[in-house]
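In UniProt numbering, the protein residues as written are 1 to 98. Idealized CB from N, CA, C, for every residue including glycine. Since we're looking at a predicted model, the values are computed, not measured. Notes to accompany the following structure.
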Amino acid sequence: MTVKPVAQAAGHNGGPPLDDDGPPWGDGDAYIYFRWVEAHAAVWKKISPEIAMRRAERAEALGLTYEEYTLEILERGRYLSETDRERIAAIKNARLDR
1 MTVKPVAQAA
11 GHNGGPPLDD
21 DGPPWGDGDA
31 YIYFRWVEAH
41 AAVWKKISPE
51 IAMRRAERAE
61 ALGLTYEEYT
71 LEILERGRYL
81 SETDRERIAA
91 IKNARLDR
């Protein structure tokens, strides 16, 4: 398997490798791996239960999962609503479990 360098990998977010061979940080820098894990944990943990419940309710009303709805907020800075039909359809079409 040929792995592209981070600078050449299209859409690479600098996260850990997805394969199970070797250490979790792969051939790269362990520092970058642990910083990525730390940042990922911080994003998903630092909200109040009230906000999490509100996001879950909005996601369910739109037919999305909590993770899909929250990722839209984190990645694009947008709160989806019923008027965002095209974006919601694109998210649903991208699901791996279709």
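- In this structure, the alpha-carbon of residue 56 lies about 16 Å from that of residue 91.
- In the DSSP assignment, residue 62 falls within the alpha helix (DSSP H) that extends over 49-62.
- In the structure shown, residue 82 falls within a coil segment according to DSSP collapsed to helix, strand and coil.
- Between the C-alpha atoms of residue 64 and residue 13 there is a straight-line separation of about 23 Å.
- For residue 65, the secondary structure class from DSSP, reduced to helix, strand or coil, is coil.
- Taking C-beta atoms as the reference points, residue 62 and residue 80 count as a pair closer than 8 Å.
- Restricting attention to 35, 70, 83, the CA atom closest to the CA of residue 47 is found in 70.
- With a cutoff of 8 Å on beta-carbon distance, residue 72 and residue 78 are scored as near each other.
- Pairing residue 33 with residue 24 gives a Cβ-Cβ distance under 8 Å.
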